[in-house]
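For this note's numbering, add 735 to where a residue sits in the sequence shown, where the first one is 1. Virtual Cβ for every residue (Gly too), placed ideally from N, Cα, C. Quick caveat, the model's predicted, so the values are computed rather than measured. Inspection log for the structure reproduced underneath, given as structure tokens.
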Amino acid sequence: MKKKIFFKYISLLCVITLLMTCMVGCGSDNSSSSSSGMKILYTVCDNDDTFRQSLADGIMNAASTYGVTVDMQLCGSDIETQVEQVASAKANGYDAVIVRLNDVSTALQIEVAADGLPLIFVNNQPDDDRLSKDEYVYVGSYEQQAGQYQAEYVLEKLGNPSSMNVIIMEGEKGHSGTIGRTTAVKNTLKDAGVDVNYVFVDYANWTSDEAYAKMEIFEKTGQSVDAVFCNNDTMALGVADYLLDNGYTTSNIIPVTGVDATADGCAYISEGKMSFTVLQDADGQGAAAVQAAKALGSGGSISDIEGATDDGKYIYIEFVPVDASNVSSYL
């Protein structure tokens, strides 16, 4: 009888211990752990998007590599929730905050909320005047480069035409990637002396379903199209699916281009369903963001991190063009 009571007592202690462990460790949506005393908060709207999930994976993996603890908190589409997460970071013992901004216009609010903690903005770039050397920095890729690569590919693919009918599927309204990539496509085509008729330009919010639906709307206009530029691969998949479903050819006749070089995007290129994408290195951005957070959280500088600019405000990770000639390296 005493043995039964003893074992029941031990079992109860185990349950209590597990519950206490969960209460201590489950305060954020996800976390990495290390023996280092440095704690970093990563706040992001969600990871429903393929690239955002890859970026989150890159950040969490880099935490182990660089010996820091990263806690990831999701804020959904609520701007105030993200501000509150940053505002509580200092009191919760964090040394730095990595922020994938919900809205770039809230950068000043985020900085005020940080209360002196260094901020590493990642993947959605605030205005330059919101950044300051080794305090508020941005990690990402130079968005205009992606749009330039897309336009240069299409021009060569179509034999440098004098005129073109063009569709642009834009991502999230106000996102730095949307603005930079779209602007670069237009500027590159203009600089090449092409007379461009933009037959359809609209937001598809990074999703394939919206891009497919927008193509259905375009079809009703009765216009023709020579090339489709998409701000990311997921939208390019939706466009490619629509064209294939409706008797168009996407590889030789109508180039469809994306950005990110996702697994699905590269697969579509290898199958001839898409023409081109641009690798946005999520692992590279994640690793650089963690490196910057570790450096600034300990009172250091980003100057020794690869890709850092001389003004101490940016760390750029290079885009890489991907088409049928090299897609096997990214599958």
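Apart from sequence neighbours up to five positions away, the residues of its chain that approach GLY915 with a beta-carbon distance below 7 Å are GLU878, GLN879, GLY882, ordered along the chain. Straight across, the Cα-Cα distance linking TYR888 with LYS925 is about 15 Å. Residues of the same chain with a CB within less than 7 Å of the CB of ILE794, apart from the 5 flanking positions on each side, are TYR777, VAL805, ILE833, GLY1021, ALA1024, VAL1025 in chain order.
Unbroken beta strand (DSSP E) stretches of 3 residues or longer found wholly inside the region 964–1034: 1012–1014, given in chain order.
Shown here, PHE856 sits in a strand according to DSSP, grouped into three states.
The Cβ atoms of CYS965 and GLY928 lie no closer than 7 Å to each other.
With a threshold of 16 other beta carbon atoms within 10 Å, GLY802 falls short and is exposed. As the crow flies, the alpha-carbon of GLN885 is around 7 Å from that of VAL920. For ALA831, the enclosing beta strand (DSSP E) has its first and last residue at 831–834. ILE1037 is not a Cβ neighbour of VAL821, given a cutoff of 7 Å.
In the pairwise beta carbon analysis, the region 1039–1051 is classified as not touching the region 992–1009: fewer than three pairs are separated by under 8 Å.
SER898 sits exposed, since fewer than 16 C-beta atoms from the chains shown fall within 10 Å of its C-beta.
As DSSP reads the structure, LYS774 sits in a beta bridge with THR804. Under DSSP, ILE902 forms a beta bridge with PHE935, VAL963. Membership of GLY882 in the alpha helix (DSSP H) is indicated by the continuous run 878–892. Closest in C-alpha terms to CYS780, from the list HIS910, LEU852, ALA1027, comes HIS910.
With a contact defined as Cβ atoms closer than 8 Å, ASP937 and GLU905 qualify at about 7 Å. For VAL1062, there is no enclosing alpha helix (DSSP H), as DSSP marks it with neither H nor E.
For the pair VAL960 and ASN895, the CB atoms are not nearer than the 7 Å cut-off. Excluding residues up to 5 positions away in sequence, ALA996, CYS1001, VAL1057 lie with their Cβ nearer than 6 Å to the Cβ of TYR1065 in the same chain.
ALA998 sits exposed, since fewer than 16 C-beta atoms from the chains shown fall within 10 Å of its C-beta. As DSSP reads the structure, ILE1050 sits in a beta bridge with VAL874, ALA1043. Counting the other Cβ atoms within 10 Å of the Cβ of LEU978 gives 16 or more, which makes it buried. In the three-state scheme derived from DSSP, where H, G and I count as helix and E and B as strand, SER867 is classed as strand. SER943: member of the alpha helix (DSSP H) spanning 943–954, first to last residue. Taken atom to atom, the span from the alpha-carbon of ASP1018 to that of ARG787 is near 11 Å. Taking all protein chains shown into account, ASN940 has 16 or more neighbouring C-beta atoms within 10 Å of its C-beta and is therefore buried.
Considering only ALA1027, PRO861, SER1063, the residue with the shortest C-alpha distance to TYR1003 is SER1063.
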